[in-house]
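Have a look at the structure below before the remarks.
Residue numbers (the working numbering): 2 to 149.
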């Protein structure tokens, strides 16, 4: 029997599994929906989380903080901390799906990309996503990817 989270997965793109630390910044327009204590957020106001998968449709995030469906979130990460002049990536997303995992509490946040094409934001995100996928699985065809 499938678990509830397996039944509600909706994926139209290949997903690349990973486990990378990220920082989540809730869009100010949605700040009232996500009250954050000082324990949860960092000095910059960002929420630490983990990127667990990525694909052309969006990013999968595991977070200790509940971010409601519909909230817009900016996701920031460093792609390679071992290299001098580390490469950064930033994505503007909207939370599409929220699933509570365990009793820790931990939440899986399924996000979709959003951006203003007139400002060139989408093309920057596309470029960052390609860098991210190459970083996660340099040989994309042989990497640990899945389609669900």
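C-beta: ideal position from N, C-alpha, C; glycine also. On a predicted model such as this, the values are computed, not experimentally measured, just so you know.
For residue 35, there is no enclosing beta strand (DSSP E), as DSSP gives it neither H nor E. Residue 116 places its beta carbon less than 7 angstroms from that of residue 93. Within its own chain, the residues whose Cβ lies closer than 7 angstroms to the Cβ of residue 101, once the five positions on either side in sequence are excluded, are 108, listed in chain order.
Taking C-beta separations shorter than 6 angstroms and ignoring five residues to either side along the sequence, the partners of residue 69 in its chain run 34, following chain order. Membership of residue 61 in the beta strand (DSSP E) is indicated by the continuous run 59-64. Excluding residues up to 5 positions away in sequence, 94, 97, 111, 112, 113 and 114 lie with their Cβ nearer than 8 angstroms to the Cβ of residue 59 in the same chain.
The Cβ atoms of residue 80 and residue 48 lie no closer than 7 angstroms to each other. DSSP, reduced to helix, strand and coil, places residue 132 within a helical segment of the structure shown. Per the DSSP secondary-structure output, residue 90 pairs in a beta bridge with 78. For residue 105, the closest of 91, 32 and 65 by C-alpha to C-alpha distance is 65.
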